[in-house]
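Chains as they are written, first to last, in this note's numbering: chain D, 31 to 581; chain H, 30 to 181. Here the structure comes first, spelled out in structure tokens, and everything after it is commentary.
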């Protein structure tokens, strides 16, 4: 993991001090709420329906047990004893008091955490594959490049007042777990024919009101030029992106207005003129940052664990959790463990202070002190010895964290919706809870296979409904909550935007609708086909019929 | 509106002789009619391609922030300094807020239409380091790390 040196620590401490001053000016009345707003929004502090909400950055989703314990402490001291993991690999606190936020930020700064650029029209916290550094299928660990991007983008003086927010995601696997095709910039590390690794640069993807799958503007960018190329893209966007209408201000609108080919020319022309040697890091610094991400000292272990196999054979519940929640690790004898934050009937992404501490203890003891947050609002212990899996599972179960539903129908992404958010038209969380309860049976869920349900409480699409296999969008019709169903979306390497299948449904009917869609899929699927595969094979019409015929 | 100027890292109020301002489009249309102009005002949607000729006679260029959150002039300032090697005054006008002054100076602005010199001094002192190179002389953190490593 990356560790702060004196420079990083000074940067974060000075930011906390600066924000303390800004809050003091607000509390004394020197700043009006209108004047304070842009300042707090540069530091992840939103004013929600009932209270302030602070969004804390977890750069590329990687953090330590010490940091997790501090997050638990913050939940207890400044919130109501819980936190909420988001689709941006961040954590949000929903109930801090403004006067306490400077102290909260000081507490975080002590463990190398902050809320820098978790909001505002700037380059947001960079996101990545939650299995980075552990996945059997990656070409290399993408996180050193994430850290390089984090540093370059932090308080970038030119790009702090962009037309709109800007999100960069990085993956190093053909199995895209970072949703790189639906980000402002997606970067995919891969090998060219000469065996060198470089970046595919994808620009202009995004969700929101106008969803787009991004365009590849470079198949292979040599790694050493990453920062100068990003600087060129950002400069073109800063100068040319629309500023007359905030709903048309994201880079995706510019890319699609110019056409991907012309946009590429604009970027290449700018890139040819930027001071590449001044911006791109020298080899020494690139190597220095890579050193922090050196693989942990994995033991030499046999690929299979006999203790594990004994437990698997005798404990059905454990065996299911192994099948559903663990993933192949690159080191023999190790596994990647997913921790679901989607208990049946629970609030997606929520976690209590004591649960956070339980995860921290496990990470410290069994996972080389590493934890990951996922964009699907779950957690990961990336490096668990197969011999330890049973013990880890038992501890997670005791903490209420062993729901075996990763990637299944109840592993739902949901935005905070009208329970918290000032932008929302409808509630999202109760819909997620009811779908999860309706389809609670884990045998049934496993039999259904991968099925991604994503729920947004308004058109801004924070719940990623456009890329749900089943997406649900809340809309307000004359003061009543209605839900539109979209089908066929995907955020993975086969990215696609879901299609709206028909008229909006009431909150009661939308839960029935999901069940009908699931039943129809079960009837139609052939061997090994996922819901998404059947949808792509059959098209929208038969699903529409199934959804509306008896309604 | 007061004018503050940055010189050798110090910001102080400037007594400004009144400028004869001309916009880029007026200037391009008829330079001779504006021969006595002393400051060129470049709107933030103007392209800086082929502008070298236009700026060569001016010691003051004024860039605009129609609203504080419209950040195009940050890029324009960097292009003037880094690509066009413009060494005169670049003045920020419009939505110039205390908490933007540091970003502005890093992008090459050295004059600000801003009232509160105390606040400006404070704002420019808030950060010791910078991660990335820009139009100012600050050595990015990575360069300082390398220097430390080599000295050790």
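Each residue gets a CB set at the ideal place from its N, CA and C atoms; glycine is no exception. Just so it is clear, the structure is predicted and the values come from calculations on it, not from any experiment.
Determine the direct distance from the alpha carbon of residue j to that of residue i, and round the result to whole angstroms.
i	j	result
residue 175 of chain D	residue 252 of chain D	12 Å
residue 581 of chain D	residue 168 of chain D	Note on residue 581 of chain D: pLDDT 46, under 50, position unreliable in the model; the coordinate value appears next. So the alpha carbons of these two residues sit roughly 46 Å apart.
residue 344 of chain D	residue 287 of chain D	59 Å
residue 94 of chain H	residue 126 of chain H	10 Å
residue 141 of chain H	residue 56 of chain D	24 Å
residue 461 of chain D	residue 373 of chain D	14 Å
residue 38 of chain H	residue 86 of chain D	33 Å
residue 118 of chain D	residue 491 of chain D	13 Å
residue 139 of chain H	residue 45 of chain H	14 Å
residue 363 of chain D	residue 321 of chain D	24 Å
residue 459 of chain D	residue 226 of chain D	45 Å
residue 359 of chain D	residue 162 of chain D	10 Å
residue 32 of chain H	residue 280 of chain D	34 Å
residue 118 of chain H	residue 266 of chain D	24 Å
residue 255 of chain D	residue 513 of chain D	45 Å
residue 131 of chain D	residue 55 of chain H	50 Å
residue 172 of chain H	residue 209 of chain D	33 Å
residue 450 of chain D	residue 80 of chain D	7 Å
residue 521 of chain D	residue 177 of chain H	43 Å
residue 562 of chain D	residue 422 of chain D	32 Å
Which residues does DSSP list as the beta-bridge partners of residue i?
i	result
residue 119 of chain D	Residue 119 of chain D is not bridged to any residue.
residue 510 of chain D	D:507
residue 83 of chain D	D:76
residue 245 of chain D	D:233
residue 400 of chain D	D:94
residue 203 of chain D	D:168
residue 380 of chain D	D:114
residue 364 of chain D	D:415
residue 520 of chain D	D:526
residue 120 of chain H	H:91 and H:140
Quick one: what does DSSP say residue i is sitting in, helix, strand or coil?
i	result
residue 92 of chain D	strand
residue 298 of chain D	helix
residue 112 of chain D	strand
residue 330 of chain D	coil
residue 235 of chain D	coil
residue 68 of chain D	helix
residue 286 of chain D	helix
residue 6 of chain D	Outside the shown range of chain D, which is 31 to 581, sits residue 6 of chain D, and nothing can be said about it.
residue 141 of chain H	strand
residue 472 of chain D	helix
residue 34 of chain H	strand
residue 92 of chain H	strand
residue 259 of chain D	helix
residue 527 of chain D	coil
residue 538 of chain D	helix
residue 581 of chain D	Annotation note: pLDDT 46 at residue 581 of chain D (below 50); position unreliable, coordinate value reported separately. In this structure, residue 581 of chain D counts as coil in the three-state DSSP scheme.
residue 188 of chain D	coil
residue 550 of chain D	helix
Could you check whether residue j and residue i sit closer than 9 Å to each other, using their CB atoms as the reference points?
i	j	result
residue 486 of chain D	residue 376 of chain D	no
residue 159 of chain H	residue 130 of chain H	no
residue 565 of chain D	residue 532 of chain D	no
residue 414 of chain D	residue 370 of chain D	no
residue 62 of chain D	residue 393 of chain D	no
residue 331 of chain D	residue 361 of chain D	yes
residue 121 of chain D	residue 156 of chain D	no
residue 499 of chain D	residue 457 of chain D	no
residue 504 of chain D	residue 448 of chain D	yes
residue 263 of chain D	residue 143 of chain D	no
residue 183 of chain D	residue 161 of chain H	yes
residue 243 of chain D	residue 215 of chain D	no
residue 523 of chain D	residue 137 of chain D	no
residue 93 of chain D	residue 407 of chain D	no
Examine chain C for any beta-carbon lying closer than 9 Å to the beta-carbon of residue i, and answer yes or no.
i	result
residue 312 of chain D	Annotation note: the requested chain C is absent from the structure, which comprises protein chains D and H.
#### Entry: Cβ-based contacts, 8 Å cut-off: residues of the segment 80-103 of chain H near chain D
97, 98, 99, 100, 101 and 103
### Task
Determine which residues of the segment 264-288 of chain D have a Cβ less than 7 Å from any Cβ of chain H, and write them out in chain order.
265, 268, 269 and 273
### Message
Taking beta-carbon pairs under 9 Å, can you tell me which members of the segment 98-126 of chain D lie near chain H?
### Response
Of all residues in the segment 98-126 of chain D, none places a beta-carbon less than 9 Å from a beta-carbon of chain H.
### Task
Please name the residues in the segment 188-205 of chain D whose beta-carbon is closer than 7 Å to at least one beta-carbon of chain H, in chain order.
188, 190, 191 and 192
### Message
If the cut-off is 7 Å on Cβ atoms, which residues from the segment 554-566 of chain D count as contacting chain H, listed in chain order?
### Response
none
### Message
By the 9 Å beta-carbon criterion, what residues does the segment 50-73 of chain D contribute toward chain H?
### Response
51, 52, 65, 68, 69 and 72
### Query
Going along the segment 166-181 of chain H in order, which residues come within less than 8 Å of chain D, judged by CB to CB distance?
Correct list: 170, 171, 173, 174, 175 and 178.
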